[in-house]
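Visitor:
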Amino acid sequence: MSAAPAAPRPASADTAAGGLDLLLVPPRPRTGWSVLPARGGALCAVELQKLRHDRAELYTRAVQPALWLLIFGETFTRIKAIPTGGIPYIDYLAPGIIAQSAMFIAIFYGIMIIWERDSGILTKLLVTPTPRSALITGKAFAAGVKALIQAVVVIVIAALLGVAMTWNPLRLLGVGAAVVLGSAFFSCLSMTIAGIVLTRDRLMGIGQAITMPLFFGSSALYPVSIMPGWLQAVSKGNPLSYQVDALRGLLLGTPSHLAVDYAVLLIAAVLGILAASSLLGRLAR
49 MSAAPAAPRP ASADTAAGGL DLLLVPPRPR TGWSVLPARG GALCAVELQK
99 LRHDRAELYT RAVQPALWLL IFGETFTRIK AIPTGGIPYI DYLAPGIIAQ
149 SAMFIAIFYG IMIIWERDSG ILTKLLVTPT PRSALITGKA FAAGVKALIQ
199 AVVVIVIAAL LGVAMTWNPL RLLGVGAAVV LGSAFFSCLS MTIAGIVLTR
249 DRLMGIGQAI TMPLFFGSSA LYPVSIMPGW LQAVSKGNPL SYQVDALRGL
299 LLGTPSHLAV DYAVLLIAAV LGILAASSLL GRLAR
């Protein structure tokens, strides 16, 4: 006859205590830079959920770039007043309008974070284990995705107007990366200003004061070579110029400096995230 099965060994007191500890003590939350991508992505998704409740924002924001292309672009194409290297002016203008519309979306992003401060949402977010840099990164790249949707609208309008652009998928991915990085920087610039001025009225005033100089002090409307010397120096320090240069090179195939453009945009976005993160606590006080 086969031997009877051995009785199971009783669990030791140490094992039981260890299992009980796992039930009573919650796992330690992950912290540090390792959680930044996941939590930044989650916060970005939360920001984008707001579009489901206010899709009209995308449609109304498409009006201004359409007017720039229809009126300004068509008019200056006819009079040929600006040297564009042999391409129609409306073609030259289209990448600049993509960058402009993306900047206009991002530059007032600080108003949203001030509203969240006033409604108590920001305080609730700051008491969670989520790093402040993840909070800023999520908002910055949500602004980038919104700007990317706006860029698609402008590209469709430009195509309907006969602008000769590339449809190479790799180049379009590069366009998306340039739009997202540029918008991330300008949204962080807005949130940094919000952390300094602390009120919506002051932020709106400063935003309106710097938007047009940033736009006209870039290569969005005309080549840098025809600017006066002092404006050329301003343009070289303006991230919008590098974004426009990348978009123009990718969409139109004009001579560009893509490695330098992306390096400047990436460094500007990282510095913007660090600056806005450092002032987030001051904003929430």
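Numbered according to the numbering used here, the sequence shown spans residues 49 to 333.
Glycine included, C-beta positions come from ideal geometry on N, C-alpha and C.
Going by C-alpha distance, which of LEU300, ALA317 and ALA294 is nearest ALA307?
Guide: Along the sequence shown, read from residue 1 onward, the residue named residue 307 stands at position 259. For ALA307, the nearest C-alpha among the options comes from ALA294.
Visitor: Is it buried or exposed for LEU237, if we count other Cβ within 10 angstroms and need 16 for buried?
Guide: Counting from one through the sequence shown, the residue named residue 237 turns up at place 189. Looking at its Cβ environment, which holds 16 or more other Cβ atoms inside 10 Å, LEU237 is buried.
Visitor: Between LEU70 and PRO177, what straight-line distance do the alpha-carbon atoms span, to the nearest angstrom?
Guide: The residue labelled residue 70 in the question sits at position 22 within the sequence shown. The residue labelled residue 177 in the question sits at position 129 within the sequence shown. Reliability fails at LEU70, whose pLDDT of 47 lies under 50, so the model's placement of it is uncertain and no value is given.
Visitor: How many angstroms separate the CA atom of SER181 from the CA atom of SER325?
Guide: Your numbering for residue 181 matches position 133 in the sequence shown. Your numbering for residue 325 matches position 277 in the sequence shown. The straight-line gap from Cα to Cα measures roughly 5 Å.
Visitor: Could you spell out the range, first to last residue, of the alpha helix (DSSP H) harbouring TRP215?
Guide: Here residue 215 refers to the residue found at position 167 of the sequence shown. Careful: TRP215 lies outside any alpha helix (DSSP H) and carries neither H nor E.
Visitor: Less than 9 Å between the C-beta atoms of PRO271 and PRO131, yes or no?
Guide: Taking the first residue of the sequence shown as 1, we reach residue 271 at position 223. Taking the first residue of the sequence shown as 1, we reach residue 131 at position 83. Yes, Cβ-Cβ distance for PRO271 and PRO131 is below 9 Å.
Visitor: Taking DSSP as the reference, what is the three-state secondary structure of LYS128?
Guide: Position 80 of the sequence shown, counted from the start, is the residue given in the question as residue 128. Coil, per DSSP.
Visitor: Extract the residue ranges of the alpha helix (DSSP H) inside the stretch 180 to 225, only unbroken runs of 4 or more that lie entirely within it.
Guide: Taking only runs of at least 4 residues, the alpha helix (DSSP H) segments lying wholly in the stretch 180 to 225 are 180 to 208.
Visitor: Measuring CA to CA, which of ILE162, PHE189 and ARG126 is closest to ALA317?
Guide: By one-based count along the sequence shown, residue 317 stands at place 269. Ranking the options by Cα distance to ALA317, first place goes to PHE189.
Visitor: Residues in the same chain with beta-carbon distance under 8 Å from TRP163, minus the five sequence neighbours each way, listed in chain order, please.
Guide: Locating residue 163 in the sequence shown gives position 115, counting from the first residue. For TRP163, where only same-chain residues beyond five positions count, the Cβ hits under 8 Å are ARG248.
Visitor: Please report the straight-line C-alpha distance between LEU118 and LEU328, rounded to a whole angstrom.
Guide: One-based indexing of the sequence shown puts residue 118 at position 70. One-based indexing of the sequence shown puts residue 328 at position 280. Roughly 41 Å between the two C-alpha positions.
Visitor: Are the beta-carbon atoms belonging to MET151 and GLY222 less than 9 Å from one another?
Guide: Here residue 151 is taken as the residue at index 103 of the sequence shown, counted from 1. Here residue 222 is taken as the residue at index 174 of the sequence shown, counted from 1. No, the Cβ-Cβ distance between MET151 and GLY222 is not below 9 Å.
Visitor: Do the stretch 192 to 211 and the stretch 109 to 125 touch if we need at least three Cβ pairs shorter than 8 Å?
Guide: Flag = yes, the stretch 192 to 211 and the stretch 109 to 125 touch.
Visitor: Less than 9 Å separating the beta-carbons of VAL202 and ILE145?
Guide: Within the sequence shown, numbered from 1, the residue matching residue 202 stands at position 154. Within the sequence shown, numbered from 1, the residue matching residue 145 stands at position 97. The answer is yes: Cβ separation under 9 Å.
Visitor: What three-state label does DSSP hand TYR270 in the structure shown?
Guide: In the sequence shown, the residue the question calls residue 270 occupies position 222. Here TYR270 sits in coil by DSSP.
Visitor: Tell me the start and end of each unbroken alpha helix (DSSP H) in the stretch 106 to 174 that is at least 4 residues and wholly inside, in chain order.
Guide: Counting only runs of 4 or more, we get 111 to 115, 122 to 127, 137 to 154, 157 to 167 and 169 to 174.
Visitor: Assuming the contact rule is C-beta atoms closer than 8 Å, ILE254 and ILE274 should be a hit. Round their C-beta distance to whole Å, please.
Guide: As a first step, residue 254 is located in the sequence shown; it is residue number 206 there, counting from the start. As a first step, residue 274 is located in the sequence shown; it is residue number 226 there, counting from the start. Contact doesn't hold; Cβ gap of about 29 Å is too wide.
Visitor: Identify, in the order they occur along the chain, each residue of the same chain with its Cβ nearer than 6 Å to the Cβ of SER267, setting aside the five sequence neighbours on each side.
Guide: Counting from 1 along the sequence shown, the entry for residue 267 is found at position 219. Contacts found: SER289 and VAL292.
Visitor: Would you mind stating whether GLY192 and VAL228 have Cβ atoms separated by less than 9 Å?
Guide: By one-based count along the sequence shown, residue 192 stands at place 144. By one-based count along the sequence shown, residue 228 stands at place 180. Against a cut-off of 9 Å, the Cβ pair of VAL228 and GLY192 comes out as a contact.
Visitor: Could you give the C-beta distance for ALA232 and GLY320, rounded to a whole number, given that I count them as a contact under 8 Å?
Guide: Reading the sequence shown from its first residue, position 184 is the one you call residue 232. Reading the sequence shown from its first residue, position 272 is the one you call residue 320. Contact holds; Cβ gap of about 7 Å.
Visitor: Helix, strand or coil for THR176 per DSSP?
Guide: The sequence position of residue 176 within the sequence shown is 128, counting from 1. Note: THR176 maps to coil in three-state DSSP.
Visitor: Taking SER304 as the reference, give the member of GLN198, GLN256, GLY277 and GLY133 with the closest Cα.
Guide: Here residue 304 refers to the residue found at position 256 when the sequence shown is read from its first residue. It is GLY133.
Visitor: For LYS194, tell me which candidate among LEU174, PHE234 and LYS172 has the shortest Cα-Cα distance.
Guide: Here residue 194 refers to the residue found at position 146 of the sequence shown. Here the closest residue by C-alpha is PHE234.
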